[in-house]
Every structure is written in C-alpha cells, then in structure tokens.
Amino acid sequence: MKKMIRVLAATSVLATALPAQADVVIGAVLPLSGVNANGGEDQRRGIELAVAQINEAGGVLGEPLKVIYEDSGNVPQRAIDAARKLVSVDGVALVIGEYSSGITIPLGQYLVAEGVPHLNPASTSGLVRGIGATSFSMVGLDNVSTEFAAKDVLDRGWKRVAVLAMNNAFGQGVANEFGAHFAQLGGEVTTTIMYTSGQTTYRRELQQAESTEPDAYVFTAYGADGGLMMQEAYELGLQEDPWYSILITMHNADTPAEFKTGLIGMDVDYTADDTSYKAAYEEAYGQSFQSAWSGYAHDTTLFAAETIERAGSTDRPAVLSAIAELGAEGFTGVTGEIKLDADGQRMWQPYQKLKVEGDALVSHE
Amino acid sequence: MIEAQDLRAGYGDGADILNGISLTAGRKELVTILGPNGCGKSTLLKTIAGYLKPRSGGVKMHGKDVSTVPIHEKVRHHRVGYVPQTDNVFRSLTVAENLRLGARGLDRATTARRYDALMEQYPVLASKQGRKASALSGGERQILSLARALIAEPEILLLDEPSAGLSPLMLHEVFDAIAGIRDSQGMCIVMVEQNAFEALGVADRAYVLSLGQVAIHAPARDLLADPAMRALYLGGHVA
Amino acid sequence: MVQFIFDTLFRAADLALIAVALSAVYSLIRFPNVALVQYAVVGAFVGMALQQQGVPIVPAVLLASLLVGGIAQVFNAVIFQRLLRLDPAIALIGSLALSMVLSAGFLLGFGPAAQRFSVQVAPATRVFGVRVTEMQVLTGGLTVAILIAFALLLFRTPLGREMRAVSTNPVLAAATGVNTARVTGLVVFLSGVIAALGGAMLALRGSVSIDMGTNMLLPVFAAAILGGLGNAFGAVFGAIVIAAAETLITNLNFGPIVGQDHVFLPASYAPAASFALLVAVLLFRPRGIFVSEVTRV
Amino acid sequence: MSDFLIHVISVSCIYGILALSLNLQAGFTGLMNFGLIAMFGCGVYGAGLVHRFGLPVALGPALALILAVLMGLFLARLGRRLSTDYWGIATLSIAEIARIFATNLEPLTGGAQGISGLPLLFSGLRPWDGAARLALFAVILGVAWLICERLVRSNFGLGMKLIREEPQLARALGYDIDRIRSTVMVIASVIAAVAGVLYAHYLSFVGPELLLAPETFLIWAMVIIGGIANNRGVIAGAFAMQFMMAYVPFVKDYFALPSDFVAAARLMLSGGVILGFLLLRPQGIFPERVGGRHDH
Amino acid sequence: MTTELLAVRGLAKAFGLSNVLEDVSFSVMPGEIVGLLGPNGSGKSTALNVISGFLPRSAGTITFAGRDISDAPVHAITDLGLVRTFQLPSMPHRMTVREVLKAGKRDDGGRFAPVAYGPEIDVLLQEFRLAHVAGHAASALSGGQKKLLSVATALRANPKLLCLDEPTAGVHVSLRSDLVGVLRNYVAQGGACLVVEHDMLFIRDLCTRCIVLDRGNIIADCLPGELENNPRVVEAYLGKAIEKGGMAQ
C-alpha cells in the first residue's frame, strides 16, 4: 500500500512538472500511427507550414503560436484520451482533429461536452454534422463530394458499378451517399463491399466485386490499403475494366505507378487559384502533395489563428463566437473560400477530376 | 565398473530421497536393487545414470568420476546403456528405427551386422521390423528396448524395472534374456526391481533399500533364503 | 469451382509454413509459441530491409530466414526455457508479451505502413480459366518444396529420426544418447527458418504490415490445432480446411435468398469462420482431428 | 491539470475492476483467460445497444449482466475438456469473433463507427462531474475488491486455489470442478461487464476498437506487475500501468520524440512489463500472501 | 444383519485390449478395515480408481451406502461419503498445510462464508504431527508428510468410507504406528477403511480383513493372519522363484 501511494505521488509530481505554457497553444489529434499514418503525417505538414507562416508574420495575440500534436493511433479511445490531455493539462484554446470520421465523431462529441471548440479538418461523413454546437468542419461533407463523383462516373458512360469502401464511418457514408446519388441519376450499383482496413490481402473482396460483372469499379481507400488493392486488382487482371477512386489522393502516394495506370478519380481541389502553398510544401518536403488533406489542415490552422486573434484571447466562449462570426463572413485559404452554414459545416468546396500519369496526378476534365 | 559413494539426491528443492547410499557393481555381474514403493530405488538408478545430479557423493564408472556427466554423454562416451521403466520405446517410430536410433554414431557396416545379430537373437522383433513400436505388446516392447540399448554394445547396463506391467510368462522371458546378456557378453548390469523374488532368481547380488538407505546388502542366494526377505514382502518389515 | 480450389490452396499456402513450424516446435517444447507468428513478420521485414541494402532477393530471403532461426534460438534460450520451468501457461503469456514487444519494434523500425519486396509484378494469366500470377505459382511452388524438404529431413534422415525420437519420448531419447538440448535447439532454429520463409512468401505475394502477425495468429493456430498440435503435417491439412472455410464464406452469394442479384457476407467475416471452426474443434475434438503422438496431461 | 489527474485515476479505477476480474480467474483459479476483453465488451455493448435503440439507460446494466453471464458460462463450458493453453487460445478466438461481429453487424452494433453520444454520468454536476464519477468508480472498485476478497477467503476460495494447483486432489475431496469454474467465470464476467458499462458511459462512445486483443494483455500486464493472486496488488498494478500509459505522451513531448513513439511505447510497456516481470519477478510487486491472515 | 457400506459386483476394467480387472466382487461393512493387496500390476490401484469414480468402469456395478455410484461423478461419490487419497499425493505450493487441511471439508458454514480455523484443525495437526509445519506451503513437505496430510485432509471430510492408496510408502517408521492409531480411532467412531498397501506389517496391524488381487481377479478374501498360509497368495507373490531354488527354509 505504501508503495502504491509513492507511485501515485511520483506520477502526480511528474504530471504537474511537465507542461510549460507561455505561447498561444492549440492542440491537434491526428493519426500519426496506424493505417492512416501517411494521411496524418500529411496533415501535420500542412499545420507546420501554417504555423511557420503565422509566426513569421508575428504570431497570434503577439505570441508565437504553438501546436501540440497527439497521436490517435487510429483508435477512438486513444483519441479521446489524447484530447483529454490537451484540454485539461495543456489547456489548449481549441482542438483540431481527426482524420477518419469514425474517430472525429467521438472526439468531437467529447470536446463538445467539455465546451472546447473543435475544428474538423478532414472527415467528410454526413454524421459529422450531428456532433454538436461547438464543432465546426473545415471541409465539405460526403453528400457534396459523392454527388460530384456519381455524376462524373455516369458521364463517363459506366452504368453498372461495384462499390468498395472501408468499413468505417467515412466508408459507410461514401458508399451510402454514392449509391443513393448514383441510383437517382439512373445508374445501378451491382454490389457494395465494405472491407476491413489494414488487411494483408483484398483478393476476396476483389473477387466478390468481380463476380458481379460491373462496367467499372468505384472505390475509396486509405493509403496503404489502396496501394495493395490496386496491386491485387492489377494482378487479378481486373484493371481491364476502369477503376474510379473517390478521394484519390488518399492512396495515390502509396500506390506504385505500375499498378495504377489509367486510374482516374476525383478529390477535393486543394490548390484553388493560389499556387504559393504548393510551392512552399514542395520546398519544405521535397515532394509534391501526399494527399489533399495537408491543404485542409493548413487552412484549418490559419482559420484557428485568425479566430483567436479576433477573439482577443484564448478564452473559449470568445473563441467560439469568433469562429461563428468568421464562418459566417467567410475566410479564404488555399482550398478556396471557407464559409460555414448554420450547423457550422463548410458549405462549398472545389472539387477536381484527376487521372494518374506515371506517379503523379494531373487534372482530367 | 560402477562405484557409487555415499549418494545423496532429491528432486527440485524437495527433501533428500537418497540419504547416503553406496553401491558397487563389477564386470559380468548382475546387481539388483529392491525395496518397497517410495524407498528411492528408481531415484538411485536415475542418479547413477545421470538424470539427476547428486547433492553429495559421487559416481565412478570405469574408474572415472562421472557424477555430473549427463545421461546422453554417458551413453555416447562411457559405454553405458539405460532402459527406463515404462514408456521405453519410441512409439511413433518403427521397430527398425528404434534400433537404428540405438546405433547412432556407428558406421553402416557395424550397424548392419549388429542389427542382424539382434534380429537373430530376438525373433519376435525380426517379424515386426517395419511396424510401429506402439503396435507391440508389453513384452515385445521390453525386448525391443533392451535390444535398442544392446545394439551400441554397452559395458554397463542400467535397467529400471524391466518386469513392470508384464505377464508372468513374459516376465521370465525378459529375465532370462537379461541373464543371458550378462553371461554371454560379460556386461555389468544394475537392475531395479519390484518383483523381488524373480529378480533374486537371476541376480548375483542385491541391495534392499528402505527410506533412502541401504537396509540389506547380500548375495542374491542368501537373500532368497532369508526369512527377513520373506517377511518384508509377506508380513514383515525391515527396520 | 476451379477458382475456389485455387483460392483455397493459395490461402492454405499462406498459413501452412507457419502452422507447420508452430506444430514442429510444439512437439518438442510443449507450449503454443505465439511469437512464432511474429518471427514470420521479422523474416519478411529483414528480407525487405536487406533487399533495400542492395542484396539480391534470393540471398536476402535466405539470410533473413537464417537470422530469424538464430533469433528464435536466442529467445527460446533466454525467455522460454526459463518461463517453461514455471508453467507452460506462463510461457504462453510470455510469448504473447514477446509478440507485443516485437510489434512495437516493427512500428519503430519500419513504420506502420505495409511494405513490399521490390519485385516485378505481372498481371495474372489464365490457367484452366483461373487467374494465377507468376508470383503465386513461384511462391506456392516454393512453399510445397520447403514442406517436402522438411518432410524428407524429418522422415528420411538420422537427424529427423532423432527429432521424432525426442518429440515422442525425450527421456528415452537421452537414454539412447541423443543430446536432446541440441536437437531441441535445432528444431527451434528450423521453426524460425520455416516461419521466416513463410513470412517472406507472403510478402512476395502481397505486402506485409506490422499487423500481419496479429492477423495471422488465430488462423495459423486454428490450422495447427485442427491438425493436432505437434503433428507437423497435420498442420498442412488444417491449413487447407481453414482456407476452404474462409474462402467458402466469402464466395457464397446470398443474393438469391434476399431477392437481390449479389449479396455477399463481408469478407471480414472470413477470419471469424476460421476462429469459429477452431472453437468448434476444441469443443468437440479437444485434441484436433489427427490425435498427435503428444499425449497431453 | 487536476482534471487530467482525475481522468487518469478514474480510468485506473475501471481497469482496477478489470484486473480484479482477471485475478479471480487467472490468479486464484488458474483460468488463463486471454479473452477477458469480451467480458468487458458485454458491458460496453450492453450499455451501447441500449442507448442505440433508445431504451432507458437503466436497462444497460441489465443487458450487460445477461450477456456477461452467458459469456462466462460459454467460456467455462468450453474449458471443460481443454488444457490451459488450448483454452487460452480458445478464449482469444472468442474475443476476436466478438470483435469481428461488433465490427460487421452494422444494423445492430453500428459497425465500425460504433455507437456514440452515450449519456455521460453526472454531466449535470459540472464542474464537479469528474470528481463525482471518480467517487462512483472508486466506490464500485471498493465493492468489487470486497467481493473478491470475501470470495477468496471463503470456503469456496479454498476450492478455487485447490483447483488452480491440484485439480485431482480437489476432485478427490469432492469439489465439483466444473461448477466452481462456471461460478468463478460468471462472477468474474459480471465484474468485468460492470467495468464495461462504467467505461461506456465514461467515454460516451462504444466501438469495436475497445475489444482489441492488446487491451486484454494490458490487463494481464496489470495483474502480473501487481502480483498475481493478490487483490490489492493487481489494483496497484492497474494504477501503475494506467499512469505509465497516460504519461507516455508527456515523455514524448518532453524529449520531442517522434509520434510513432507513443504507440510503440504503449505496446512495449505492456509487453515489456509482462516479460520483465515473468523473467525477473514472476510473483509481482506484491506477492500472493500464502495462507492469508490466519497463518503466521 | 448390517447392510453393506460398499458393494462391488462383477467389476471389470479394460485399457484397450488388456483387462486390468476381470471380475471383481467384494463388499465392505461399516466398522471394517479392509486391506486390498496384490503383487505389482494386479489391479489394486485401478480398482480404487474405478470405485472412487476417477476411471470409468468397463462392466459391473458399484453401490455405496445404498446408492448406485457406478457412473456417478467423483464429487457426487465424495458427497455420499467415500473419500480417497493418492499413492503419490502432490500438494499445492501456494496453499499452507493448514489451508489444505481446512479444504478437506467443503461448505463449512456455507460456501461463501469466510474460512474459520477451528480447534478441530489443531487437533488433526497434532495427531498427524504436522503442527510445526502448519503455516508452510503444502508442497514443501516431505513425501511422507504429504501422505499424512492427505490422510488427515481426507479424514476432515468425515467420510463413511476412507480409501487409502499405499498410505505408508515413504512415511517414517515411527509415524506408522500413529497412523494405525488414528485410523483405528476413526473406524471406532463409525467409519470404515479400504486400504491398498504393500507393507504387510502395517496391514497385519491395521486390517480386519484382506482381499488379494492377482491379474485382475480376487484370489483370497481372508483374515490378515491367514495370508501366509494361503498357497495361492504365496504363489502370486513369490512366483516360480520358489521352485527355482529359493525359499529353502
């Protein structure tokens, strides 16, 4: 028993000793490990670039802006634990997070319950809308993107398609919304296959899809999953039929060129009119965008800094009303204009049609 | 050929099971170790064989101290053969494979020669060379395990209750075989037995153990005639 | 149908090597060593790392397997021999713990993403109306070759005879002059090598991520237990049964039943099929279908 | 700051309850359950399903109880003819099957996205809600501890210990091994499910990730570090592990380590602690008190 | 006429093809101490295992205290009052001698009632000379002490019939007479014993009747004193060695 008390005492001393607060601090919960680690890393890059840009221009409220990154490990409860640390120990002004909708939703609900402003930089499931009053999306939701995709697919003359999506909130949202829009526009979904992310093979799923003899395969996949799926589709000879990827940048970087020849798809448009961000990214990291999400994370950070500046303090109620104000007014970042609707969701965002050329993605109208 | 001096041994950190036992056995001699259940017979044999390290005292074979030499090295380098009590054949291996295992380390020609000789000596085995050992009867297994030890031509043979689980008829066959080995090959044999009177019938000398100590040490013939022995098994007790 | 058989066989090949290694080592060291599945991942990762250092693929895989064999021996000597003295169940917990530590090591060393050997990948060709890729044929053939080589070693050589002798009766084997510690060490080494080769074959056919060990754990165990743990070649049979069950459950079209064209069970139920089979076997035939030589106490 | 400490202690209490449950099975009865998380899952999903289908919150514990009893009985039945290691693998399989179904039975369980928005306990007491929850958890932990202590010190407890080490002797003395096992499994399962219900209403989210196998091993680490078959010890172990887990991110911040470190360190901690203790101090920090308070 | 406590009729047990027990019938009355003897491999231990429910029978019936227990599970048989010990008792290492002794009697004051160590435990500890090791781990006892503990534990269960498997093997000579005293005392208070034993002196001191098994069949059922003069018994024990020249008396 004595030992236990000693352990407790030691850890609580450790706990109070660690956080050092001087700067304006915001938190970010990202999937820095797990299957979405590449996406999470790309988000982190976007945030870093934004922080550099803000601090170069004098910071926020006269202080340098600091972002504390926490890893969700792609697990909801870890994400909530991480948020708890950010909120109660680091005392952050607001929290940016996460990547996949299945985690963003419980994370957001926790933050809403705590009264902490939550900015969603990436998750597009329709369910995000219901998180709560102090949660805001810096990205347009599925209903917008899948309608765009369904139209694009039909325009290319493919009437019967098999849909593959990962079995989580985002994938289920995409599959349902796409199916609804596609049927409404007169197409037919032959089968909808929900696969578990992180497998070592997707042959079974691919063969299930193939047996329905579709005109084309419509799929969405995270980084490593997408790469493997494209390789196996190639090996199985399924690429004789066209493949169409919803949010193609999620896995493009993880897919070797030889397995994605002829792949087309759509994604959010992250370079709007302004190419300076693209240049900064390439200079800093020596490669082109790994996904669309760095741009959104970048804009989310800029948006956050701007609201704190407007609020005049890191006081949460003040920050919240500043977000509402700025959202109604509109704010222009590298992904175009961010304007929020009554639910705090981004009303519009640009999309682009893309195709693979070698290793890179190019516009494909 | 075997000299055990004041052996003390036990399992794990348990109490001593052998409380200072000394024993000798010479060439062309069949020595049997007797005693009631739990007196330490098998433990003594295991300690001599090298399964168990003595806590004190020592074992010499051919005049060399081998107290800490593990069993497999004794078999390979000190010409020792050991036949455990039950479960003494490799059930999943064929009769031929069992014998070949016994002949490990020997060249092909020698193996073949001795193999054939054993087949001639033990016709029960010859007819079942390709069978799995698990298909043999209890007596056949006993013979097989004996043959497996003999193929390496040991000079010292340690037997742990060769009669265990055998029918009386089979028992005589096995004991006769053992006595035959001593006589024909001049081997030194130490045999632990429950079947006291049968064992005494073939043995030269006997040690009777009680609670981890030697209670009686005498020539087998004398013991067989000894009323104390009769008492031990039919209503007597050695204090 | 032909496609079904091929899918089953290739899935069985995924499992067979690791399951055989597991069974072989179980026959001598009587506890289910969960870490063996992670050895397969180590083998694949080390092979890929060597290839990235410029070692050609064949020596890279061989070198990696030998290395894993050595690692298996070290872990066995340092960890499992000591834990087994306490209790086989403790050794099982230890092997689970070792698996976690190894996963952590992979995460730090190789990152979370799936990795591949850099080999030429060609699209599948059709044989008997079934699509097979060059790599599938090659690795499948190699798997069979490794299994045959292991069988020959076990049943046709004096060393194999000693291995079988030690596994059926270690006490007697020692009494026959077999150095049981050396034979056990050798089998541990071989199990590491075979598991690593199994991992490399998997990596050659697709990709290997740090989660592979966790994902393979139960199917491999299901195969090994189905075949009767300790019965090395029963494990091959077990692998085929498990593979068939997994393939069947994902190939069944429930569409007609519910009045649609195509409704499949999600393929992610496939592992549940193998686990359920495992549980059923344990419920009704607690010692596997082929009762092995190992009598359990 | 103190909020975070309250959080860590609250979660430690919940894990303390789980550690007690595992200790009852593995520590005192020798039942090596590697699927403990499925019992916890009965509680989590009991609460979650009730919420998802709009039933009164109070039905959550009831549903959890029913699921837990069934789970306990099934695992005990499975163990009837199996040796320890086979049973361990079997329990691991059951837990994985449960997780796979939780992930895929979307209409029932909400699938991979889980069930969110469960009512948070005492949310009306803000800002004292955290402390109130902690108090509740501590009380329930205390009650669980009392139940476990009473159980292992009873005549029944002697039977458990006898079964753990000498089942043959236990049988010869007339102990009905199957019945004692089933009873222990059901009690332990219910205790774990209570922890699950509390956790679900604490996290306000229920998802299949809660049922991942490494979570079971985390609880094993707690039991092994604290001292197997020592009820106070395993609670101490739960606190120690939870605090270490919770402070890994701070270590990362402090030394500016890469973010992969957190995930790896957590795995390394549970695995390494188990291995280290098994090799160097298998009896744990607080060893079992053989003989209890009556023997000196 | 008093009714039989234990009645065994036509009991047979085969392992695979070998018949270990062929046709065994005998009974035990209250107040009796029956010795079950026989050379190695005669089936004594197997008989004990089948009667106590540890092995399934192949044929025959077993009744105990008026109930058919032929197929009853071990715990049910024990509940009726038939308690056994083992030839090589192994004891737990994380329970004390006192705890093991306590565990001999189940449901003492209720299943979930706290364990209380009453004076009867101390009496038993004294009687079996285990008081000085009462707080030690049971596994740390010597082989003989374990034997004594197992007998004491079985006695705690207040059995109607106590079945002992070689209770004296490994037990120190000075303790054997104590054991005889304790068992006599127990029988005097209404118990009965069935003892598998090698030590003839012990048998002669203790038993009221002896049953001798050979190769799965009963070859004698007599008083202990009559054993030496029973030619079948002598033959079974001494075999052909006699003819071969031994036993020259």
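Protein chains in written order, with my numbering: chain P, 8 to 372; chain R, 126 to 364; chain F, 9 to 305; chain X, 675 to 970; chain A, 47 to 295.
Note that CB positions come from ideal geometry on N, CA and C, so glycine has one too.
Predicted model, so just to flag it, every value in this text is computed and none were measured.
Residue-level contact to chain F via CB, residue i, 8 Å cutoff
i	result
F300(R)	no
L177(R)	no
Q28(P)	Its pLDDT being 47, under 50, Q28(P) is placed unreliably by the model, and nothing is read from it.
P801(X)	no
Whole-angstrom distance between residue j and residue i, CA atom to CA atom
i	j	result
V82(F)	L954(X)	17 Å
V170(P)	I861(X)	46 Å
R144(A)	S175(F)	40 Å
G56(A)	F72(A)	9 Å
L44(F)	L51(A)	56 Å
Q28(P)	L309(P)	Reliability fails at Q28(P), whose pLDDT of 47 lies under 50, so the model's placement of it is uncertain and no value is given.
I306(R)	M312(R)	7 Å
F110(A)	A275(F)	58 Å
N175(P)	A750(X)	33 Å
P793(X)	H875(X)	6 Å
D366(P)	M237(P)	13 Å
Interface flag, residue i vs chain X, CB-CB below 8 Å
i	result
F72(A)	no
K4(P)	Residue 4(P) cannot be examined here, being either before or after the span of chain P that is shown, 8 to 372.
Test: residue i CB closer than 8 Å to a CB of chain D
i	result
A304(R)	In the structure shown, chain D does not exist; the protein chains are P, R, F, X and A.
Residue environment, residue i, which counts as buried when at least 16 other CB atoms sit within 10 Å
i	result
Y117(P)	buried
A247(F)	buried
I276(R)	buried
S301(P)	buried
N18(A)	No answer is possible for residue 18(A): it lies beyond the span of chain A, which begins at 47 and ends at 295.
E184(P)	buried
H188(P)	buried
A93(A)	buried
I336(P)	Strictly speaking, residue 336(P) in this sequence is Glu, with Ile absent from that position. By the 10 Å Cβ count, E336(P) comes out exposed.
is_contact[residue i, chain R] using C-beta, thresh 8 Å
i	result
R172(F)	yes
R169(F)	yes
Limits of the beta strand (DSSP E) - the one that residue i falls within
i	result
L72(P)	L72 to D78
F226(P)	A223 to F226
T168(R)	Run containing T168(R): none in the beta strand (DSSP E); it sits in the alpha helix (DSSP H), K166 to A174.
Boundaries (first-last residue) of the alpha helix (DSSP H) holding residue i
i	result
L155(F)	E142 to R164
Q89(F)	Q89 to L94
T198(P)	Unbroken run through T198(P) is the beta strand (DSSP E), E195 to Y202; no alpha helix (DSSP H).
As assigned by DSSP and simplified to three states, the class of residue i
i	result
Y760(X)	helix
Q61(F)	coil
Y247(R)	coil
Y928(X)	helix
Q28(P)	Only weak support is given to the placement of Q28(P): the predicted model assigns it a pLDDT of 47, under 50, and the value that follows is read from those uncertain coordinates. Residue state, collapsed to three classes: coil.
Q107(R)	Past the edges of chain R, shown from 126 to 364, lies residue 107(R), and the structure says nothing about it.
L291(R)	coil
I218(F)	coil
Interface flag, residue i vs chain P, CB-CB below 8 Å
i	result
Q787(X)	yes
G717(X)	no
Min CB distance residue i to chain A below 8 Å
i	result
L336(R)	yes
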